[in-house]
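So the structure is just underneath, and the comments pick up after that.
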Amino acid sequence: MSRLRLTGLAAALAAATTTLAPPAVPPAWAQPAADVPGWISVVERQPDGMDRAEWKEKRREAARKLGASRDKRAVPVLIKLAESETFDIIGEIAIDGLGALGDASAVAALQRIAADNARDRAQRDLARKALAKLGASADGGGGGGGGDGDPGLGRPGDGDGDGVAVSTGGATTTTTTTTPDPATGGGGASSSGGATDRPTTPPTLSDDTLAAYERITLAAGAANLSFDTLRDEASFDADLAGRYQRRLERQTMAWGVDAGARLVTGYYNPEGDLSARGALLNVDGQGEARFYSGKVYGIGRLAAQGVITYISSENVVDVRNAVDLELALGAGYGRVLDVGASLRVKRIAAALEAARALGRPIDASLANKLQLAWWSLRGSRSLHPLLTRTVAILREAGVLLGEPDAGLTYELLQVLGDGLLDRRHSGVDAYLAFGEGYLLREDDPQVDEGRVEQLLARAAYATQLPGNTAEVSGEGYARLRLFVAEGQPSPWALGATARWRKFTYTDHFDPVGAIDVAASLAVSDDGGDMSEMAFRVGGEVGFTFVPNRASALRLAASASFDSGELIVGASLGARYGLADGSVSGL
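Okay, so the sequence shown: first residue is 0 according to numbering that gives the first Met the number 0, each after it adds one.
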């Protein structure tokens, strides 16, 4: 009896224990398996029958699941997303997932992202947080990794200058990469364009900057090399030029430099002893400084020009030099600014609005930030750094909504590379100055040399017409020689030019070219007793094709009536630019 009671009591206690205990955990084999291959497939390929918008959401969700999967197979996929998806939030999901996976092989990629100034700040901060989870620093140092990766999973050097020390299971694997030379832009490229995409120096323009530009251009008028086998004679001729221009406009002062050189040379060597060589080298430069009080300014200009002429024929060698120096001081009113960079910002806003990707208007501070970023990249030969920096700034400011599709990306590239938006002017400017110069004319008695004083006047006007696809400009000048000796002539000259330019585009901001129509008038008199007043009236029609930001090809036809003679001509000119950058409206 007692045995039965004990048995019943034990059964009751066992039942009570079973009831109070938490539910048993199913064995691991009973849990649903993570579909890592399926998620990877969704990330890499758009499923058939699924539209792009739905796939983008599925793709982001798959990336989140891969980051939480703790599966090493997800690491290379997320690294690729983190490095390549700089415009979509999936890139940030991948960066966060790499930190959660804890695999040391992601350190190098995360360090490149953290150091890439072309990316927006949110992505760089996420990369630093992910590196902290892996026990690595953002500057290339770092110790123990938080993952269970195998030794040697760190990728070999990608040429970004990263030196990564990664601890894996007690052993340390050091991945060493080379550091590119900033002067040559050597080294590999990161996902956002590599070392050459990053500005070597930050923008240095002050807060009161109104406009600035810097240009380096090369031009070729003609070049010809020939050999006549029948006559056994060789000939060569060339017309080459180069120019550097830089100008800075600030509220209270402005300065600019403009220097260039032109070489015209030729060689003729027929059969026999007769041969001829010739060259003309013209080097010129000028600098200007203005100091403003409101719209009124004082101006100082310094100009210099040197010409060397060389002619050699048989036993005769003739070399002549000419040098001009002049300093002018005066006063003026107003200014004409290059507003091309501001027009580029407006064109980007129009592209975003047309694509329904404009989250908010681009205000003045954001326009300034964009232009300073472009200024820091003005020497870049590729549009890739301009695009990545622009998109990063627009996304960080909340202006760009989501990921730009292929159509919008194409339009942004066209706007950023549009050379028709350079050298676009607006404003009114006029000054009057007194100039003191010195002329040196070696072996040329027909030209006066010595001191020359003159009165100089100049006026300019330019405006962009509504729509910013047409421009009207005009310029006038006047010169009068002063303080001439008794009996010497006092020459004078004045002239004016008016020009209209129309800039043509396709429906997606592709620049086609610019049509220009100009008219000019010039009147002058040598001031001598026997001289007569000369006048010239002319017109010109031209078309300019701009293949890139700094280069142009122009074809023009002209006609003029010059002192009773009709002159008709045509011209073809080309320039190749090495750098072209501008800011305006800062």
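Positions of the beta carbon are idealized from the N, C-alpha and C atoms, including for glycine.
Any chain D beta carbon closer than 8 Å to residue i
{"i": "glutamine 285", "result": "No chain D is part of this structure, which consists of one protein chain only."}
Segment limits, alpha helix (DSSP H) that includes residue i
{"i": "histidine 383", "result": "383-395"}
{"i": "threonine 408", "result": "405-415"}
{"i": "alanine 349", "result": "339-353"}
{"i": "serine 40", "result": "35-43"}
{"i": "alanine 93", "result": "89-100"}
{"i": "alanine 129", "result": "120-132"}
{"i": "valine 483", "result": "No alpha helix (DSSP H) holds valine 483; DSSP gives it neither H nor E."}
{"i": "isoleucine 361", "result": "From DSSP, isoleucine 361 is part of no alpha helix (DSSP H); its letter is neither H nor E."}
{"i": "alanine 113", "result": "106-114"}
{"i": "arginine 63", "result": "51-66"}
Boundaries (first-last residue) of the beta strand (DSSP E) holding residue i
{"i": "serine 557", "result": "550-561"}
{"i": "alanine 73", "result": "Alanine 73 -> not in any beta strand (DSSP E); alpha helix (DSSP H) instead, spanning 73-83."}
{"i": "valine 451", "result": "449-463"}
{"i": "aspartate 428", "result": "424-440"}
Beta-carbon proximity check, residue i vs residue j, cutoff 8 Å
{"i": "glycine 541", "j": "alanine 555", "result": "yes"}
{"i": "leucine 336", "j": "alanine 348", "result": "no"}
{"i": "valine 74", "j": "alanine 33", "result": "no"}
{"i": "glycine 98", "j": "leucine 65", "result": "no"}
{"i": "alanine 425", "j": "alanine 461", "result": "The sequence given here places serine at residue 425; alanine does not occur at that position. Closer than 8 Å, so yes."}
{"i": "aspartate 515", "j": "threonine 543", "result": "yes"}
{"i": "aspartate 119", "j": "arginine 394", "result": "yes"}
{"i": "arginine 249", "j": "aspartate 421", "result": "no"}
{"i": "glutamate 91", "j": "alanine 121", "result": "yes"}
{"i": "leucine 77", "j": "alanine 93", "result": "yes"}
{"i": "leucine 415", "j": "leucine 382", "result": "yes"}
{"i": "leucine 455", "j": "arginine 478", "result": "yes"}
{"i": "arginine 535", "j": "alanine 521", "result": "yes"}
{"i": "glutamate 441", "j": "arginine 319", "result": "yes"}
{"i": "glutamate 452", "j": "glutamate 474", "result": "no"}
{"i": "threonine 208", "j": "leucine 247", "result": "yes"}
Beta-ladder partner(s) of residue i, from DSSP
{"i": "glutamine 244", "result": "Arg214, Asp257"}
{"i": "tryptophan 373", "result": "Paired residue(s): none; tryptophan 373 is not in a bridge."}
{"i": "isoleucine 514", "result": "Lys501, Phe542"}
{"i": "valine 295", "result": "Ser292, Tyr332"}
{"i": "valine 306", "result": "Asn281, Ala321"}
{"i": "glutamate 313", "result": "Paired residue(s): none; glutamate 313 is not in a bridge."}
{"i": "arginine 574", "result": "Ala218, Ala551"}
{"i": "arginine 492", "result": "The residue asked about is misnamed: residue 492 is alanine in this sequence, not arginine. Answer by DSSP bridge pairing, in chain order: Arg478, Ser523."}
CA-to-CA distance, residue j to residue i, given in whole angstroms
{"i": "arginine 574", "j": "serine 40", "result": "50 Å"}
{"i": "leucine 385", "j": "arginine 214", "result": "17 Å"}
{"i": "threonine 505", "j": "tyrosine 409", "result": "13 Å"}
{"i": "tryptophan 499", "j": "tyrosine 430", "result": "23 Å"}
{"i": "tryptophan 491", "j": "alanine 327", "result": "17 Å"}
{"i": "glycine 333", "j": "methionine 252", "result": "12 Å"}
{"i": "valine 228", "j": "valine 344", "result": "Looking at the sequence provided, one finds threonine at residue 228 rather than valine. So the alpha carbons of these two residues sit roughly 58 Å apart."}
{"i": "valine 390", "j": "alanine 517", "result": "39 Å"}
{"i": "aspartate 231", "j": "valine 316", "result": "24 Å"}
{"i": "aspartate 87", "j": "leucine 125", "result": "14 Å"}
{"i": "alanine 260", "j": "leucine 565", "result": "31 Å"}
{"i": "leucine 280", "j": "isoleucine 307", "result": "5 Å"}
{"i": "leucine 571", "j": "glutamine 110", "result": "51 Å"}
{"i": "alanine 137", "j": "alanine 114", "result": "7 Å"}
{"i": "alanine 432", "j": "leucine 301", "result": "12 Å"}
{"i": "glycine 329", "j": "valine 295", "result": "11 Å"}
Own chain residues within Cβ distance below 6 Å of residue i, not counting five before or after
{"i": "valine 256", "result": "Arg245, Gly286"}
{"i": "leucine 439", "result": "Val322, Glu448"}
{"i": "glycine 305", "result": "Val282, Val322"}
{"i": "leucine 5", "result": "Note that leucine 5 scores a pLDDT of 42, beneath 50, so its modelled location is shaky; the value from the coordinates is reported in the next line. None."}
{"i": "threonine 183", "result": "Low confidence applies to threonine 183: its pLDDT is 34, below 50, so where it sits in the model is not reliable, and the reading given next is rough at best. Within the same chain, threonine 183 has no close Cβ partners at all."}
{"i": "leucine 552", "result": "Phe544, Ala573"}
{"i": "aspartate 428", "result": "Gly333, Arg334, Val335, Ala459"}
{"i": "alanine 396", "result": "Leu365"}
{"i": "serine 472", "result": "Ala461, Arg498"}
{"i": "glycine 526", "result": "Pro488, Ser489, Pro490"}
Own chain partners of residue i with C-beta closer than 7 Å, once the 5 adjacent residues on each side are dropped
{"i": "alanine 14", "result": "Reliability of the predicted coordinates at alanine 14 is poor, the pLDDT of 44 falling under 50, and the value obtained from them is presented with this limitation in mind. If we look at alanine 14 and ignore the five residues flanking it on each side, it has no Cβ neighbours."}
{"i": "isoleucine 392", "result": "Lys368, Leu369, Ala372"}
{"i": "leucine 399", "result": "Leu351, Ala356, Gly358, Val390, Leu393"}
{"i": "leucine 224", "result": "Phe235"}
{"i": "arginine 423", "result": "Asp337, Val338, Gly339, Leu342, Gln463, Glu470"}
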